[in-house]
Each structure stands twice: as structure tokens, then as C-alpha cells.
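Notes follow the structure.
In the working numbering, the protein residues as written are 1282 to 1408.
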């Protein structure tokens, strides 16, 4: 199953890209996902919100990539947020033990609220 990626942004959060994924995240599609997300992060987006609503399958290689991507974004002062995961995908996260590593947001909107709240907290600390 191929992987499709669609990107969007929110004016109020200029360093955040929303990436809607459709298909599967597995060894066959990881390189495609890496290229797509590298293009996005190369445009200055430090925080990515992945909309997993149309992801029907993910395996351990896909999870490993997401963990590594999260580490890379965190090192640059950003974050990786996951949203809208289907029940089958949530089960894989839990079985592989990464359910605690990632907070799975119910919606993209909920993930964006988390980003905005984190931004407000950082601004208050700087003031």
C-alpha cells in the first residue's frame, strides 16, 4: 500500500506543519515518508503534527522511524505530535511499548492546542 502525504499549516503557529498521512508506514514506504518530512523540516518547520487518521498499518520499522524523528525534532527545539490514530494503529503502539513515549491526540486540533499551550508557557518563562 503506497503512502501519501499532504501538508498544511496554521498561521498562528508558523513553525508547525500538519502532515496528513494516508496508507501504510512500513519498510517499503519509510524512505518515501523520510523524503517528504525532510522537505517539510527543510522549510523551517520544527514541529510536525502527523494526522494518522488514514494510516491503516504501521509496523516496528515505522515506529522506530517515528521515535528517531521525534528525537531529531526535540534536539532542534521542536516536537513530533501524533493525532487521530485508528484503533488498529493504537494497538501496535501499545504492543510495541511506545504508547507511553508518544501522546496520541484524539484530533489534530487537540494536538495543535498542546503546541499552542507549550508555546505560551515558553513565552511566559522568557518574560
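Heads up, the beta-carbon is just placed ideally off N, CA and C, and yes, glycines get one too.
task: Specify the secondary structure class of residue 1355 as computed by DSSP and reduced to three states.
output: Residue 1355: helix per DSSP, three-state reduction.
message: Per the DSSP calculation, residue 1363 is bridged to which residue(s)?
response: 1331 and 1385
- prompt: Are the segment 1386-1398 and the segment 1340-1356 in contact at 8 Å, needing three or more beta carbon pairs?
  reply: With a cut-off of 8 Å, the segment 1340-1356 and the segment 1386-1398 do not count as touching, because too few Cβ pairs lie within range.
task: Grab the span of the beta strand (DSSP E) containing residue 1378 for me, first residue to last.
output: It is not in any beta strand (DSSP E) - residue 1378 carries neither H nor E in the DSSP assignment.
field: Inter-residue spacing [alpha-carbon to alpha-carbon] between residue 1299 and residue 1363
entry: 10 Å
Distance between residue 1327 and residue 1297 (C-alpha atoms, nearest Å): 6 Å
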